[in-house]
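Numbering (this note's numbering), first residue to last: 2 to 300.
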């Protein structure tokens, strides 16, 4: 069985990777998971300067998932390059760096800094608030999506994955906009905006009031959006959102995803990624798929 998958010229040994923000930058999970067995490690968001993140509390459990309002806390690109890239280079896995920013210039600064670093791909998180546009997320406006994708593509030396926000009326519009801007790959979905109220304290459960909803409860929405996007664009898609088992991952692949990211499941099952890798192999054997690529988008 051939589980390799090609994303914009980068060959992964299998389609399973980690979802940004749920796996640190690899080292945090390395005692639980053999990183050599993953198709890729997607790092936590990296900004041009250190970000302190949001005030606490910033994570709360919900039925079938969780809400987070971490605020993309990270030590900045310089620390990342000195500490995290050398660690990941020890392993036989692809390195995908998630990039965050508050303005187009912020994103471009990180992309330029990473241009000559030994990383394989860049995943651009365009669900950050766009400070210059009054707090509207880049990812909610197709015109903004196309423009920021173009600017990043001018500077990037690695293939660019645009990570799309699900908080839109029509996911195909933003998918097409990213493709028009030159994106090599799309990843979706990012978290859905949600809220939880503590009825005993009569206040918001998160200091930020709202947070990003992730976990098993959002999977049907993610599968639907992956299917829609896969049928709207010609570039590969990385599917994510509620994947906890191999069955969940296979559903995404059949809907049109060439690869998958496991996120919230890492918190309640540290070996979730390896379970998904093994489960996909068993499924291919059971249903006589010689190449994983033959499964992509067949429904």
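C-beta: ideal position from N, C-alpha, C; glycine also.
Computed from a prediction, not measured in an experiment: that's the story for all the values here.
Unbroken alpha helix (DSSP H) run spanning residue i, endpoints
i: residue 98; result: Premise fails: residue 98 lies in the beta strand (DSSP E), 95 to 100, not in any alpha helix (DSSP H).
i: residue 260; result: Counting along the chain, residue 260 falls outside any alpha helix (DSSP H), though it belongs to the beta strand (DSSP E) covering 260 to 263.
i: residue 188; result: First-last for residue 188: 186 to 189, but that is the beta strand (DSSP E), not the alpha helix (DSSP H).
i: residue 146; result: 143 to 156
i: residue 175; result: 172 to 181
DSSP three-state assignment for residue i, whether helix, strand or coil
i: residue 105; result: helix
i: residue 86; result: helix
i: residue 48; result: coil
i: residue 195; result: strand
i: residue 137; result: coil
i: residue 297; result: coil
i: residue 235; result: coil
Whether residue i touches residue j by CB criterion (8 Å)
i: residue 263; j: residue 17; result: yes
i: residue 104; j: residue 132; result: yes
i: residue 13; j: residue 260; result: yes
i: residue 282; j: residue 4; result: yes
i: residue 207; j: residue 68; result: yes
i: residue 20; j: residue 241; result: yes
i: residue 163; j: residue 138; result: no
Inter-residue CB distance, residue i and residue j (contact presumed, cutoff 8 Å)
i: residue 100; j: residue 111; result: 5 Å
i: residue 220; j: residue 244; result: 7 Å
i: residue 149; j: residue 127; result: 6 Å
i: residue 66; j: residue 216; result: 2 Å
N- and C-terminal bounds of the beta strand (DSSP E) containing residue i
i: residue 240; result: 238 to 241
i: residue 23; result: Run containing residue 23: none; DSSP gives neither H nor E here.
i: residue 214; result: 211 to 215
i: residue 66; result: 66 to 69
Own chain partners of residue i with C-beta closer than 6 Å, once the 5 adjacent residues on each side are dropped
i: residue 248; result: none
i: residue 107; result: 49
i: residue 51; result: 76, 77
i: residue 251; result: 284
i: residue 158; result: 116
i: residue 237; result: 8, 186, 259
i: residue 147; result: 178, 181, 182
Chain B contact for residue i (CB, 8 Å cutoff)
i: residue 142; result: The displayed structure is made up of one protein chain only, and chain B is not part of it.
Cutoff 7 Å; reference residue i; Cβ partners in own chain excluding five residues on either side
i: residue 224; result: 252, 253, 256
i: residue 33; result: 271, 272
i: residue 141; result: 166, 168, 169
Spatial neighbours of residue i in its chain, beta-carbon cut-off 8 Å, leaving aside the 5 residues before and after
i: residue 218; result: 63, 64, 65, 66, 243
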